[in-house]
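Visitor: Residues in the sequence shown are numbered from 3 upward in steps of one, following this note's numbering. Below is a structure I'd like to ask you about.
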Amino acid sequence: MAGSSKGTMSGGMIKELLISFRRSTGQKPQRIIFYRDGVSEGQFYQVLLYELDAIRKACASLEPDYQPPVTFVVVQKRHHTRLFANNHNDSRSVDRSGNILPGTVVDSKICHPTEFDFYLCSHAGIQGTSRPAHYHVLWDENNFSADGLQTLTNNLCYTYARCTRSVSVVPLHTMHILLHFEPVSTWNHRRQKAGQ
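Okay, structure coming up:
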């Protein structure tokens, strides 16, 4: 699941996603990994508390004892950090234009010394220097290793249906599209219930 900078994810939206998942797979999600963007560092824990509570309530509304482990990750795209290879002549670490290769992760030296965060440049630099996404893991009940979550995050960047290559951040684009059209889908849902 992913949240958007347009606003917070409501419990109703989360419940609809859980129901949709159960309808298409025949089971409830065993774990939830929630990527969220559009949050400044000063808002991290306020958003975490509100949206984690919404996730918990949505799960409990399906079944009172249903509480899957949740991992909550905030992704920041707007920052001034750029990554460069130590050796620009090494074809194993740079592409033809001198940019770092897609899938490059930095999780030490420039990251927070005690918090779980990392920079991931999952996309190829088409023009200019690639800008990595900065991921902050605010909550992790799934007990991911750093490598495990970084690999999952990078792999998700290859799942965006409108692109034939990896994108710069996990497919939050899909949630942006859903949230943009949410009033239309809500209206259609109400029409169907009314029998029109």
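Positions of the beta carbon are idealized from the N, C-alpha and C atoms, including for glycine. Since we're looking at a predicted model, the values are computed, not measured.
#1: Grab the span of the beta strand (DSSP E) containing residue 199 for me, first residue to last.
#2: I want to know whether the region 16–26 touches the region 140–152 - three or more CB-CB distances under 8 Å.
#3: For residue 44, count neighbouring Cβ atoms within 10 angstroms of its own Cβ and tell me buried if that reaches 16, exposed if not.
#4: Could you tell me which whole alpha helix (DSSP H) segments of length 4 or greater appear in the region 3–53?
#5: So, for residue 17: in the same chain, excluding its five sequence neighbours on each side, which residues have a beta-carbon less than 6 Å away from its beta-carbon?
#6: Who are residue 162's beta bridge partners in DSSP?
#7: Taking the C-alpha atoms as reference points, what is the distance between residue 116 and residue 15?
#8: Whose C-beta lies closer than 6 Å to the C-beta of residue 132 among residues of the same chain, with five residues either side of it excluded?
#9: Note down, in chain order, each residue of its chain lying with its Cβ closer than 7 Å to the Cβ of residue 50, except the 5 sequence neighbours on either side.
#10: May I have the straight-line CA-CA distance separating residue 110 from residue 152, to the nearest angstrom?
#11: On the DSSP bridge list, what partners appear for residue 75?
#12: Closest by CA to residue 72, which one among 150, 35, 108, 146?
#13: Among the candidates 80, 120, 149, 134, whose CA atom is the shortest distance from the CA of residue 103?
Guide: According to the structure shown:
#1: The requested residue 199 is not part of the displayed model; the chain covers only 3 to 198.
#2: no
#3: Position 42 of the sequence shown, counted from the start, is the residue given in the question as residue 44. The residue in question, residue 44, is exposed, as its Cβ has fewer than 16 Cβ neighbours within 10 Å.
#4: 13–27
#5: Locating residue 17 in the sequence shown gives position 15, counting from the first residue. Cβ within range, chain order: 60, 63.
#6: In the sequence shown, counting from the first residue as 1, residue 162 sits at position 160. Per DSSP, none; premise fails for residue 162.
#7: Residue 116 sits at position 114 when you count from the first residue of the sequence shown. Residue 15 sits at position 13 when you count from the first residue of the sequence shown. Distance between the alpha carbons of residue 116 and residue 15 is about 33 Å.
#8: Taking the sequence shown and counting its residues from 1, one reaches residue 132 at position 130. Answer for residue 132: 101, 123, listed in chain order.
#9: As a first step, residue 50 is located in the sequence shown; it is residue number 48 there, counting from the start. Taken in chain order, the residues that qualify are 74, 140, 141.
#10: The sequence position of residue 110 within the sequence shown is 108, counting from 1. The sequence position of residue 152 within the sequence shown is 150, counting from 1. Whole-angstrom Cα-Cα distance: 13 Å.
#11: Here the question's residue 75 lines up with position 73 in the sequence shown. DSSP lists 37, 139 as partners of residue 75.
#12: For the purposes of this step, residue 72 is taken as residue 70 along the sequence shown, with counting starting at 1. Comparing Cα positions, the closest option is 35.
#13: Looking up residue 103 in the sequence shown gives position 101. Considering only alpha carbons, the answer is 134.
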